[in-house]
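Enquirer:
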């Protein structure tokens, strides 16, 4: 039997003997709505929040926090829709890199698409090692000393544009991760990520997951700020499948439920051999690619 495996932007073939039992498991494709309607629908039906227009009322300046190039990239979709609302507002962007490398020119083009030239002078890149750019906002119950990028601390209104997908020790990406690790000082990220050694820090798990719960406490330090969130979910082909706009926590948890629908499959039994396909952008480097191993090791039979 010939097996076609995704490999970067192409496929490679492998032959599997006919007498070996093989099952091909694939997550579902996009949701029920056409891609062009997904973002407008999210803004027109906000989750536990006033509408975006009301959020912007009397705003003179807004900080927009966006994904770096190592994540699915919803930013161009969202900017296409919201730019008419921002005509009279000063907009600054902060790329939530966490501890990832500084985005390259091609990364910036991927992040902002056709909007890059318009906003280039208003784009800032978070660098976790630049401690002079981070301010202390509080300490979590688990002892994480939280320092965030000063632009986050000083902003009155913040728009968070993120994406939700399973994460091998935080449970899921998205939502609160825009702040920690996205816009946090290096030692804050270290202190939070050491909790990944806890056995409850697992993919798909939020309740009882110390990494997630520690991250979520960050929101308590930001309660005085006006925050609007757009959380998106992309399918395995990189197509926008779902979007939720409104309250940060509500949009995150809605994104989690949507992610479960299209990012998970039920495995009938453990296997002797598991081949996992790493699809862009998670093949950008070894650090990202190893997540495939982490997410699959639970379905390998002992000794497999």
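In my numbering, the protein residues as written are 545 to 848.
Backbone N, C-alpha and C define an ideal beta-carbon position, used for all residues, glycine too.
From residue 749 to residue 671, what does the alpha carbon distance come to, in whole angstroms?
Expert: Cα to Cα, the separation comes out at about 28 angstroms.
Enquirer: Would you decide whether residue 590 is buried or exposed? Buried here means 16 or more other CB atoms lie within 10 Å of its CB.
Expert: Buried.
Enquirer: Quick one: what does DSSP say residue 710 is sitting in, helix, strand or coil?
Expert: Strand.
Enquirer: By Cβ distance, which residues of its chain are closer than 7 angstroms to residue 597, with the 5 residues on each side in sequence left out?
Expert: Within the same chain, residue 597 has close Cβ partners 629.
Enquirer: Apply the 10 Å Cβ neighbour rule to residue 701 and answer buried if 16 or more other Cβ atoms are within range, or exposed otherwise.
Expert: Its Cβ being crowded by 16 or more others within 10 Å, residue 701 is buried.
Enquirer: Does the separation of the CB atoms of residue 747 and residue 711 fall below 8 angstroms?
Expert: Taking 8 angstroms as the Cβ cut-off, residue 747 and residue 711 qualify as a contacting pair.
Enquirer: Who are the Cβ neighbours of residue 549 in its own chain at under 8 angstroms, not counting the five residues just before and after it?
Expert: Closer than 8 angstroms at Cβ, skipping near neighbours: 555, 556, 557, 558, 819, 821.
Enquirer: Do you know how far the Cα of residue 684 is from the Cα of residue 816?
Expert: Roughly 42 angstroms separates the two Cα atoms.
Enquirer: Between residue 566 and residue 607, what straight-line distance do the alpha-carbon atoms span, to the nearest angstrom?
Expert: Using only the alpha carbons, I get a separation of about 50 angstroms.
Enquirer: I want to know whether the region 624 to 639 touches the region 807 to 814 - three or more CB-CB distances under 8 angstroms.
Expert: At 8 angstroms Cβ cutoff, the stretches do not touch.
Enquirer: When the Cα of residue 826 is compared with those of 709, 786, 694, 741, which residue comes out closest?
Expert: For the residues 709, 786, 694, 741, the minimum Cα distance to residue 826 belongs to 709.
Enquirer: In the region 631 to 702, which residue ranges form an unbroken beta strand (DSSP E) of at least 3 residues, counting only runs that do not cross its ends?
Expert: For the region 631 to 702, whole beta strand (DSSP E) runs of length 3 or above, ordered along the chain, are 634 to 640, 667 to 669, 678 to 683, 689 to 693.
Enquirer: May I ask you to report which of helix, strand or coil DSSP gives residue 819?
Expert: DSSP places residue 819 in coil when its eight states are reduced to three.
Enquirer: Taking 7 angstroms as the limit between beta carbons, can you name the residues of its chain near residue 758, skipping five residues before and five after?
Expert: Closer than 7 angstroms at the Cβ level, and outside the excluded window around residue 758, lie 684, 686, 688, 736, 739.
Enquirer: Residue 608 bridges to which residues according to DSSP?
Expert: In the DSSP output, where bridge partners are listed per residue, residue 608 has 637, 703.
Enquirer: If you draw a straight line from the C-alpha of residue 831 to the C-alpha of residue 717, how long is it?
Expert: The straight-line gap from Cα to Cα measures roughly 15 angstroms.
Enquirer: List the whole-angstrom C-beta distance separating residue 625 from residue 583, where the pair is believed to meet the contact cut-off of C-beta under 8 angstroms.
Expert: So it is a contact: roughly 5 angstroms between Cβ atoms.
Enquirer: Quick one, are the C-beta atoms of residue 755 and residue 796 less than 8 angstroms apart?
Expert: No, they are not a contact pair.
Enquirer: Where do the ends of the beta strand (DSSP E) carrying residue 773 lie?
Expert: Segment 770 to 778, the beta strand (DSSP E) holding residue 773.
Enquirer: Between the Cα of residue 667 and those of 604, 727, 652, spot the shortest distance and give me the residue it belongs to.
Expert: Ranking the options by Cα distance to residue 667, first place goes to 652.
Enquirer: Can you give the Cα-Cα distance for residue 843 and residue 760, rounded to whole angstroms?
Expert: So the two alpha carbons sit approximately 29 angstroms from each other.
Enquirer: Just to check my reading of the structure: residue 621 and residue 784 have Cβ atoms closer than 8 angstroms, yes? What is that Cβ distance to the nearest angstrom?
Expert: Yes, they are in contact, since the Cβ atoms of residue 621 and residue 784 sit about 6 angstroms apart, within 8 angstroms.
Enquirer: If you follow the beta strand (DSSP E) that residue 808 is part of, which residue opens it and which one closes it?
Expert: Run containing residue 808: none; DSSP gives neither H nor E here.
Enquirer: Inspect the beta-carbon positions of residue 790 and residue 773 and report whether they are closer than 8 angstroms.
Expert: Cβ atoms of residue 790 and residue 773: closer than 8 angstroms.
Enquirer: So residue 618 packs on residue 705, CB below 8 angstroms; how close in whole Å?
Expert: That pair is a contact at about 6 angstroms.
Enquirer: In the DSSP assignment, find the unbroken beta strand (DSSP E) run with residue 788 in it and report its ends.
Expert: Its beta strand (DSSP E) spans residues 784 to 790.
Enquirer: Under the assumption that residue 753 contacts residue 715 (Cβ atoms under 8 angstroms), give the Cβ distance between them as a whole number of angstroms.
Expert: Correct: roughly 5 angstroms between the Cβ atoms.
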